[in-house]
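Protein chains: 2
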Amino acid sequence: MPHPAKDCRRSDCPVSFTLDLLGDKWTLLVVRDILFKDKKFYGDFLSSEEGIATNILADRLEKLDQTGILTWEKDPNHGSKYIYHLTEKGLDLLPMLLEMILWGAKHDPQTAAPRKFIQAVKKNREGVIREIREKLR
Amino acid sequence: MPHPAKDCRRSDCPVSFTLDLLGDKWTLLVVRDILFKDKKFYGDFLSSEEGIATNILADRLEKLDQTGILTWEKDPNHGSKYIYHLTEKGLDLLPMLLEMILWGAKHDPQTAAPRKFIQAVKKNREGVIREIREKLR
DNA sequence: CTGTATCCTTAGGGATACTG
DNA sequence: CAGTATCCCTAAGGATACAG
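Chain order of the listed sequences is C and B. The first sequence runs contiguously to residue 140 in this note's numbering. The second sequence runs contiguously to residue 140 in this note's numbering.
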């Protein structure tokens with residue numbers, strides 16, 4: 004059952020549903036790290052510049068797993084314990100994240116979003132989506 | 004300065020920026036109500052099925068105003084005190100909200116999203132965006 | 001190092017009372 | 001009715017210690 008139980012969903016509205024799963028300040032940063040920064044290890048996420056706390060990170064990884072957005076597997080090289088990656092459901096978040104990036108880049112005067120990437124998304128949204136999905140598959 | 008002060012932004016990443024402003028379980032529900040449900044009065048928002056508390060609503064309206072996403076004006080008919088509406092910056096959230104709807108509708112088995120609307124968005128995203136923007140202007 | 005668990009403070013937010 | 005303010009509790013989450 005990769006979705007909230009009856010008593011933790013506030014309504015059947017899709018916006019509300021999405022917010023029930025992802026509506027906080029940290030969860031989507033983990034998704035962002037995987038989608039756009041090729042991160043896959045626990046320490047990768049920990050070292051992101053926003054400075055997520057280790058308990059928060061562990062909690063979010065577990066919740067993302069429970070909701071079927073992310074999974075992990077043992078690291079064969081054993082440099083790390085696990086390799087985290089998105090499921091199809093998680094990869095489906097890419098368009099939403101891209102819109103968040105466009106909105107943030109447009110309205111944040113001190114954004115650090117790379118101009119080239121923003122232009123690429125504006126010019127060829129579907130292409131960028133396909134490319135990133137391919138890379139992560 | 005319609006954006007977070009230096010000490011409340013976690014990084015210059017556009018995703019992080021967007022989450023700093025909108026990353027909680029309630030704020031985007033108000034935006035949704037305006038964009039898709041033609042709500043404009045305090046009581047409209049209060050009566051949404053998710054059941055936002057009055058103090059939370061007041062707080063979010065104020066924050067959305069501080070960040071330049073929403074404004075209000077006196078209601079000339081005085082049925083209500085104020086009429087709330089989105090700024091251009093707020094209307095710019097529409098594409099992101101649409102992606103949230105698509106994702107929620109796809110992955111929530113008990114979604115209440117109208118099939119026709121979902122199809123319309125998939126088929127003619129830009130058209131839907133233009134139409135809704137026009138209506139709210 | 002990777003990941004887990006504990007402690008403890010603050011902030012989010014529900015219930016409800018209050019004002020115009 | 002529209003909107004504000006208070007009370008109070010729970011949960012989010014920062015710091016940090018601990019285990020493999």
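Think of the CB as a built atom: it goes at the ideal place given N, C-alpha and C, for glycine as much as any other residue.
Residues of the stretch 108-119 of chain C whose Cβ lies closer than 8 Å to any Cβ of chain B, in chain order: Ala108, Lys109, His110, Asp111, Pro112, Gln113, Thr114, Ala115, Ala116.
The three-state secondary structure of C:Glu91, taken from DSSP, is helix. The beta carbon of B:Leu100 is closer than 8 Å to those of Leu31, Val34, Arg35, Leu38, Phe39 in its chain, skipping five residues each way along the sequence. By the C-beta density criterion, B:Thr70 is buried, having at least 16 other C-beta atoms within 10 angstroms. Counting the other Cβ atoms within 10 Å of the Cβ of B:His81 gives fewer than 16, which makes it exposed. Secondary-structure assignment with DSSP links B:Leu73 through a beta bridge to B:Leu89. Here the alpha carbons of C:Val131 and C:Ser83 stand approximately 30 Å from one another.
Note on geometry: alpha-carbon atoms of B:Glu137 and B:Asn127 lie some 16 Å from one another. By the criterion of a C-beta distance shorter than 8 Å, B:Trp75 is surrounded in its chain by Leu64, Asp68, Tyr85, Ile86, Tyr87, His88, once the five residues flanking it on both sides are discounted.
For C:Ile135, the enclosing alpha helix (DSSP H) has its first and last residue at 128-139.
When C-alpha distances from B:Gln122 are compared across B:Ile104, B:Asp111, B:Gln113, the shortest belongs to B:Ile104. Contact note: B:Trp106 reaches chain C through Thr21, Asp95, Leu96, Met99, using a C-beta cutoff of 7 Å and chain order.
Note on geometry: alpha-carbon atoms of C:Ser19 and C:Arg13 lie some 7 Å from one another.
Contacts between C:Glu102 and chain B, judged by CB atoms closer than 7 Å, involve Pro98, Met99, Glu102 in chain order. Rounded to the nearest angstrom, the gap between the Cα atoms of B:Asp27 and C:Leu22 is 7 Å.
Closer than 9 Å at the C-beta level to chain C, one finds these residues of the stretch 37-64 of chain B: Phe39, Ser51, Glu52, Glu53, Gly54.
If you draw a 10 Å sphere on the C-beta of B:Thr57, you find fewer than 16 other C-beta atoms in it, and that means exposed. Listed along chain B, the residues sitting closer than 7 Å to C:Val18 by beta-carbon distance are Leu31, Leu32, Arg35, Leu100, Met103, Ile104, Gly107.
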